[in-house]
């Protein structure tokens, strides 16, 4: 009886959620239908305060305490980047909010925030919408060696070694499609297991996400070899800029470029990620 | 500290609070009138005597408690922002473990919800999803499972990957024995605490000599044979060579292979025999002790001998070395 009542309540909730989603999506869909091409760039209104959306998930990138949708005690690479970005855009950071899942940031539409920094790695279509900035952090695959292994100078130098990566990740795909080693790679269940394989010498070269390389090596420098380079993917994390939020992507890109040039991005990466992925040599 | 009325009835006269020693959780007894007292004892950290014994608390000093409630046998503790201070991941994980272990040790408590500054910590404490009720702390790393240890032995080349089963057995013992021989530990084949500790910092064996291609190194002092491909040790085998220096040292090649060889002088069958000098061969034998015991041949376990037979094809170089020096 109780179960049946529970099920009925759950069903009602599901119907309600679907209805709310449909109502919310309708104006967006209509808007999309009316304007298939991105709207002509309107002169951005001056931004005085900014609300930044985060997709909390990682102590190095962005983490915090969520209270009623607002992020208090926020910290991490993206948090610091957002603070600096907003300041250099001439605005005042009002607050951080959490947006789950982060993919909703890219969906666009009316939003209660002006900038989104949530580890957004856009598809080419996403980038074409004109609301995403240039990458501020590369998501290439980094190459970490076991101890005493000579540094590779090219991807071809990796082919004779036993490679390893986390199963199902982009790095495992990079091994299969870009490196194409002679021996079958070892696939680990997680970064801890991958580190163990590299430490023991079960594999010679671990291919890890560039953003996680600092953490992968932290505290294990004596057991592992160095990060010797990265396999370029051309992708990276980008800033989402809300439409009609008083900012345009060009201004954000300009500030990001300035931060790249003056070393701010590299310094933030070294502080929060332990290593600046952009400083790794590109292997070709 | 705000304490919900429901908590007043939860009395824990002799409770445990958890600290850490060398990163591992350690329980100590405390006499506290109720759960808030236990929490206060935990936040106060180890006593001077306990500190002298190496106990530490990962919870930052000065962390305040905003609220402590219990409902449906789940403790909810709301702490000040200092609880999330610092960026050392091990410390952040440990402090959540300390809280969870301390509350879970109270009879009747089934879970712990942790709040910081009245909100839900997200992504701050690696390994824990604090959006949910925590029922158990993360497992300690000092006591790896048998499967983990077997996996390590396989990663290091002391065992075949097929031996990673999570079940104890002869294959694991032989791999442990080979590891003990390699590292110079007492040779008993027992997976004890010393072996587990040594495995945790071990790296794959390196060959003595450098040369391209496939070859075998036989280290008489350690009583192991290394199967090497392009200077990478693929496998380390537990062997027993000739007693009283009957196995000659030098550089040889496998020159004859017999799936089942008959030893004329000793009237015994030697399966999976790979001869590399005179009448000296790698072969299977029923008894492979941890010391040199043969008449000169290299005895191998029944599971390992076919692997060496397949590896050491005719012409494969075999370096018999007295030791690594």
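Chains as they are written, first to last, in the numbering used here: chain R, 46 to 329; chain S, 239 to 563. For each residue, glycine too, the CB sits at the ideal point set by N, CA and C.
Practice item. Determine the chain R residues that contact residue 358 of chain S at a beta-carbon separation under 9 Å, and present them in chain order. Key: The contact set of residue 358 of chain S on chain R, defined by CB atoms closer than 9 Å, consists of 110, 111 and 112 in chain order.
Check your understanding: Closest to residue 437 of chain S by CA distance: which of S/447, S/455 and S/395 is it?
Key -> Checked all of S/447, S/455 and S/395; the closest Cα to residue 437 of chain S is S/395.
Check your understanding: How should residue 317 of chain R be labelled, buried or exposed, when 16 other C-beta atoms within 10 angstroms of its C-beta is the threshold for buried?
Key -> Classification for residue 317 of chain R: buried.
Review point. Using the rule of at least 16 other Cβ atoms within 10 Å of the residue's Cβ for burial, across every protein chain shown, is residue 560 of chain S buried or exposed?
Key: The residue in question, residue 560 of chain S, is exposed, as its Cβ has fewer than 16 Cβ neighbours within 10 Å.
Practice item. Determine whether the Cβ of residue 442 of chain S lies closer than 7 Å to any Cβ atom of chain R. Key: Contact of residue 442 of chain S with chain R is assigned, a C-beta pair being separated by under 7 Å.
**Study point:** As assigned by DSSP and simplified to three states, the class of residue 419 of chain S
**Key:** Three-state result, residue 419 of chain S: helix.
Practice item. Could you tell me which uninterrupted beta strand (DSSP E) segments, each at least 3 residues in length, are contained entirely in the stretch 227-288 of chain R, listed from first to last along the chain? Key: The stretch 227-288 of chain R is shown to contain whole beta strand (DSSP E) runs of 3 or more residues at 231-233, 250-254, 269-276 and 281-286, in chain order.
Check your understanding: Name the DSSP bridge partner or partners of residue 294 of chain S?
Key -> Paired residues: S/258.
Check your understanding: So which residues on chain S does residue 107 of chain R lean against when the C-beta distance must stay under 8 Å?
Key -> Per Cβ cutoff of 8 Å: 361.
Exercise for review: For residue 325 of chain R, collect the residues of the same chain with a Cβ closer than 7 Å to its Cβ; drop the 5 residues on either side in sequence, then sort them by chain order.
Suggested key: Leaving aside the five residues that flank residue 325 of chain R on each side, the residues in its chain whose CB is nearer than 7 Å to its CB run, in chain order, 187, 255, 272, 274 and 275.
Practice item. Run the CB neighbour count on residue 303 of chain R, radius 10 Å, all protein chains shown included, and call it buried at 16 or more, exposed below. Key: Burial call: exposed.
Check your understanding: Counting Cβ pairs, one atom from each stretch, are 3 or more of them under 8 Å apart for the stretch 250-265 of chain S and the stretch 289-309 of chain S?
Key -> Three or more pairs of CB atoms, one per stretch, sit closer than 8 Å, so the stretch 250-265 of chain S contacts the stretch 289-309 of chain S.
Check your understanding: Should residue 211 of chain R be flagged as near chain S, meaning a C-beta pair shorter than 7 Å?
Key -> Between residue 211 of chain R and chain S, the shortest Cβ-Cβ separation is not below 7 Å.
**Study point:** Range covered by the alpha helix (DSSP H) that runs through residue 218 of chain R
**Key:** That run of the alpha helix (DSSP H) goes 215-219.
Check your understanding: Under the criterion of a Cβ to heavy atom distance below 6 Å, does residue 218 of chain R qualify as lining the ligand ADP?
Key -> As for the ligand ADP, it is missing from this structure, which has no ligand bound.
Practice item. On a CA-only basis, which of S/439, S/461, S/555 and S/481 is nearest residue 489 of chain S? Give me that one, please. Key: For residue 489 of chain S, the nearest C-alpha among the options comes from S/555.
Practice item. Show which residues of chain S have a CB atom less than 7 Å away from the CB atom of residue 309 of chain R. Key: The contact set of residue 309 of chain R on chain S, defined by CB atoms closer than 7 Å, is empty, because the minimum CB distance reaches about 19 Å.
Review point. Where residue 309 of chain R and residue 300 of chain R are concerned, what is the direct C-alpha to C-alpha distance, given to the nearest angstrom?
Key: Residue 309 of chain R and residue 300 of chain R have their C-alpha atoms roughly 11 Å apart.
Review point. What three-state label does DSSP hand residue 72 of chain R in the structure shown?
Key: Any reading at residue 72 of chain R is ruled out, since the residue's pLDDT is 40, under 50, leaving its predicted position unreliable.
Practice item. Report yes or no: is there a C-beta of chain R within less than 7 Å of the C-beta of residue 394 of chain S? Key: It does: the Cβ of residue 394 of chain S has a partner Cβ on chain R nearer than 7 Å.
Review point. What span of residues does the alpha helix (DSSP H) with residue 309 of chain R cover, start to end?
Key: Run containing residue 309 of chain R: 309-318, per the alpha helix (DSSP H) assignment.
Exercise for review: Below 8 Å on the Cβ atoms is my guess for residue 277 of chain S versus residue 303 of chain S; work out the distance and round it to an integer in Å.
Suggested key: Contact flag correct, Cβ pair sits at about 6 Å.
Point to revise | Neighbour list for residue 287 of chain S in chain R, Cβ cutoff strictly below 9 Å | key: Under the 9 Å cutoff, chain R gives no residues; its nearest Cβ is about 30 Å from residue 287 of chain S.
Practice item. Mark residue 258 of chain R as exposed unless 16 or more other C-beta atoms lie within 10 angstroms of its C-beta, in which case mark it buried. Key: It is buried - the Cβ of residue 258 of chain R has at least 16 other Cβ atoms within 10 Å.
Review point. Exposed or buried, what is residue 521 of chain S when buried is set at 16 or more other beta-carbons lying within 10 Å of its beta-carbon?
Key: Buried: at least 16 other Cβ atoms inside 10 Å.
Point to revise | Which residues DSSP lists as bridging residue 508 of chain S, in chain order | key: Looking at the DSSP assignment, residue 508 of chain S forms a beta bridge with S/499.
Review point. Mind checking whether residue 108 of chain R and residue 158 of chain R have CB atoms under 7 Å apart?
Key: No.
Point to revise | Selection from S/336, S/401 and S/406 that minimises the alpha carbon distance to residue 373 of chain S | key: Of S/336, S/401 and S/406, the residue nearest in Cα terms is S/336.
Review point. Does the beta-carbon of residue 262 of chain S have 16 or more other beta-carbons within 10 angstroms, so that it is buried, or is it exposed?
Key: With fewer than 16 other CB atoms across the displayed protein chains lying within 10 angstroms of its CB, residue 262 of chain S is exposed.
Practice item. To the nearest angstrom, report how far apart residue 119 of chain R and residue 110 of chain R are at their CA atoms. Key: So the two alpha carbons sit approximately 7 Å from each other.
Practice item. State the Cα-Cα distance for the pair residue 227 of chain R and residue 472 of chain S, rounded to the nearest angstrom. Key: For residue 227 of chain R and residue 472 of chain S, the distance between alpha carbons rounds to 16 Å.
Review point. Can you name, in chain order, every residue of its own chain whose Cβ lies under 6 Å from the Cβ of residue 84 of chain R, other than the five neighbours on each side?
Key: Summary for residue 84 of chain R: the model assigns pLDDT 41, below 50, so the residue's position carries little reliability; its value from the coordinates is reported in the next sentence. No residues qualify anywhere along the chain.
Exercise for review: Starting from the beta carbon of residue 390 of chain S, find every residue of chain R whose beta carbon is closer than 8 Å, and list them in chain order.
Suggested key: Going along chain R in sequence order, the residues near residue 390 of chain S (Cβ under 8 Å) are 241 and 245.
Review point. Given that residue 117 of chain R touches chain S, what residues does it touch there, using C-beta distances under 9 Å?
Key: Ordered by position in chain S, the residues that pass the 9 Å Cβ test against residue 117 of chain R are 319, 354, 355, 356 and 357.
Exercise for review: Rounded to whole angstroms, what's the CA-CA distance from residue 79 of chain R to residue 238 of chain R? Just pull it up for me.
Suggested key: Residue placement at residue 79 of chain R is flagged as unreliable, the pLDDT there being 39, under the threshold of 50; the coordinate-derived value follows with that caveat. So the alpha carbons of these two residues sit roughly 51 Å apart.
Review point. Can you tell me whether DSSP reads residue 50 of chain R as helix, strand or coil?
Key: Its pLDDT being 47, under 50, residue 50 of chain R is placed unreliably in this model, and the coordinates cannot settle the point.
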